[in-house]
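Peer 1: Below: one structure in structure tokens.
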Amino acid sequence: MPTHKILVGSYTDSIYTLEFDPAPSGTPTLKLLSQVNVGHHPSWIDAHPSDRSLIFTGLEQEDGQIVVVKYDKDGKGQKVEEATCSSGGASPCTLIVAEHEVIVGNYDGGTLATVPISTSPPYTRPAELWKLALPFEAGKPGRDLSRQEASHPHQTVFNPLNTTEKELLVPDLGSDKVWQLTESSDGHWAIRGFISAETGGGPRHVAIHGTYHHRGAVSHEVDTNDKGNTLYILLELTSELAVYKFHSGRQPLTHLTTLSTLKESPTPSQMKAAEILIPKPNRSFPTAYIYISNREDPHPEGDIIAIFSLERGEEHPELVTEERTGLRHVRGMVFGGEDDKWLVVGGVGSGGKGGGIKIYERSEGGRRLRQIAELDNAVGKELNATAFLWL
């Protein structure tokens, strides 16, 4: 069985390359191969859909920047200096790479921005940067004023359920909304509506059953037309999972239910939900599950990954398993490998404590996770991993 290269976005100044050896006849291993210095906090990474050797990241700093890194077959990267350009705002914490543009959400800037790109040098066209300030209604009662004093876009993701027009979903932690944008006649994005979340919830990420934005090797899918009709919104500030039903056309979504992402609700606590993943059902894992990371658990065994079953239907998620990770501040995790068999998980530490990177294998049909490999702790705790990408 071949080894796998995994890129790591971080709260350092580098993007790292790991090598995971599944070693089916021995002990799986995870080791650091190389790193490339790109600048302050490259916290999110994405590959060009037509050339996965081209990696884009945003630098979470006041003068936000987009950086391009070119990788060789061995997973060694080189920053493309001439491609670096403005992100159109401060602290870009999310981006998605489409064929001809990179779409960036600037967390502290409260803006959405696009830059035209190509697969040929210099890869970006910064003179054509376009940006949109997201609306914000100040003074709304019930908000967490320490986190919701302005618009804070936290994810950019396409909505594959909209088959009539290209639609972008942007969870906005500051405004308690998920913005719905479509392309206008001039080719730029325009707000056409929004999905309201509960006040003070802080939408961070969204996921849709059957349409996992894949960041690893191609899965063997059971049914590529089974896209579901349910949107799951992860509410960071209240550690909750909100469930909404899509309807045809431009009808408003229906809110179905809101559930805690933990068996015991964190009250009061600094615990916050972080990531939500729903790998597509496939031949090895035919039952759909939702995987959610929860940060800053004071338990001595670390943060929890909560696993929700969809056996009762996609509109009725049920929390069935909580897996302790031994890590702190688990915000980044991504499935990869054949049939999304493995899950790479990272923690962000402080003072040399709590960080680390581990590989889990799905078991019991996806209902459980079993740790099979871990990056040497002395190395892993320094990486402060925030995002992953399987090459």
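The sequence shown begins at 16 in our numbering and counts up one residue at a time.
Built from N, CA and C at the ideal position, the CB exists for glycine as well.
Roughly how many whole angstroms lie between the Cα atoms of alanine 289 and isoleucine 307?
Peer 2: Approximately 7 Å between the Cα atoms of the pair.
Peer 1: How about the segment 170-187 and the segment 206-219: do they share at least three Cβ pairs that are nearer than 8 Å?
Peer 2: yes
Peer 1: When you compare the segment 335-352 with the segment 375-383, are there three or more beta-carbon pairs, one atom per stretch, that lie closer than 8 Å?
Peer 2: yes
Peer 1: List the residues that DSSP assigns as beta-bridge partners of serine 101.
Peer 2: Gln80
Peer 1: Tell me the residue span of the alpha helix (DSSP H) that contains glutamate 397.
Peer 2: 392-398
Peer 1: Need the endpoints of the beta strand (DSSP E) that arginine 67 sits in, please.
Peer 2: 66-74
Peer 1: In the DSSP assignment, what residue or residues form a beta bridge with glutamine 93?
Peer 2: Answer is Lys85.
Peer 1: Please return the same chain residues whose Cβ sits closer than 8 Å to the Cβ of histidine 314, not counting the five positions on each side in sequence.
Peer 2: Arg339
Peer 1: For a test of the three-state rule: what should DSSP assign to proline 218, helix, strand or coil?
Peer 2: strand
Peer 1: With DSSP collapsed to three states, give me the class of proline 141.
Peer 2: helix
Peer 1: With DSSP as the reference, identify every bridge partner of serine 280, one or two as the case may be.
Peer 2: DSSP, once it has assigned bridges, lists no residue as partnering serine 280.
Peer 1: Quick check on DSSP: helix, strand or coil for glycine 202?
Peer 2: coil
Peer 1: Reducing DSSP to helix, strand and coil, say where leucine 355 ends up.
Peer 2: For the record, residue 355 in the displayed sequence is aspartate; it is not leucine. Reduced to three states, the DSSP call for aspartate 355 is helix.
Peer 1: Measure the C-alpha to C-alpha separation of alanine 232 and serine 68 and round it to an integer number of angstroms.
Peer 2: Annotation note: pLDDT 44 at alanine 232 (below 50); position unreliable, coordinate value reported separately. The straight-line gap from Cα to Cα measures roughly 14 Å.
Peer 1: Can you grab the Cα-Cα spacing for the pair isoleucine 81 / phenylalanine 71, in whole Å?
Peer 2: 7 Å
Peer 1: Assess, as a yes-or-no matter, whether the segment 285-303 is touched by the segment 376-396 under the definition of 3 or more beta carbon pairs within less than 8 Å.
Peer 2: By the criterion of at least three beta-carbon pairs nearer than 8 Å, the segment 376-396 is in contact with the segment 285-303.
Peer 1: Buried or exposed: which applies to threonine 32, given that a residue is buried once 16 or more other Cβ atoms fall within 10 Å of its Cβ?
Peer 2: So threonine 32 ends up on the buried side.
Peer 1: Quick check: what's the CA-CA separation for serine 49 versus lysine 91?
Peer 2: When the Cα atoms are used, serine 49 and lysine 91 turn out to be separated by approximately 6 Å.
Peer 1: Cα separation between valine 359 and valine 53?
Peer 2: 22 Å
Peer 1: Does the beta-carbon of glutamine 266 have 16 or more other beta-carbons within 10 angstroms, so that it is buried, or is it exposed?
Peer 2: exposed
Peer 1: What span of residues does the beta strand (DSSP E) with arginine 346 cover, start to end?
Peer 2: Counting along the chain, arginine 346 falls outside any beta strand (DSSP E), and DSSP gives it neither H nor E.
Peer 1: Exposed or buried, what is aspartate 78 when buried is set at 16 or more other beta-carbons lying within 10 Å of its beta-carbon?
Peer 2: exposed
Peer 1: Could you check if alanine 148 is buried or exposed, using at least 16 other CB atoms within 10 Å of its CB as the buried criterion?
Peer 2: Within 10 angstroms of the beta-carbon of alanine 148 lie fewer than 16 other beta-carbons, which makes it exposed.
Peer 1: Whose CA, out of Ala388, Arg343, Asn392, lies closest to the CA of glycine 369?
Peer 2: Arg343
Peer 1: Could you give the residue range of the beta strand (DSSP E) that holds glycine 24?
Peer 2: Run containing glycine 24: 19-25, per the beta strand (DSSP E) assignment.
Peer 1: With burial defined as no fewer than 16 other Cβ atoms inside 10 Å of the residue's Cβ, what is the status of histidine 262: buried or exposed?
Peer 2: exposed
Peer 1: If contact is defined by three or more beta carbon pairs under 8 Å, each pair taking one atom from either stretch, is the segment 97-106 in contact with the segment 141-155?
Peer 2: yes
Peer 1: Kindly give me the distance between the Cβ atoms of tryptophan 204 and leucine 127, rounded to whole angstroms, as I take these residues to be in contact under 8 Å.
Peer 2: 7 Å
Peer 1: Please check the pair isoleucine 319 and glutamate 333, which I expect to be a contact at CB under 8 Å, by giving their CB distance rounded to whole angstroms.
Peer 2: Contact flag wrong, Cβ pair sits at about 16 Å.
Peer 1: Relative to the C-alpha of threonine 178, which candidate in Gly264, Arg310, Ile111 has its C-alpha closest?
Peer 2: Gly264
Peer 1: My output table needs one value for glycine 189: the three-state DSSP class, helix, strand or coil.
Peer 2: coil
Peer 1: Glutamine 170 lies in the beta strand (DSSP E); which residues open and close that run?
Peer 2: Counting along the chain, glutamine 170 falls outside any beta strand (DSSP E), and DSSP gives it neither H nor E.
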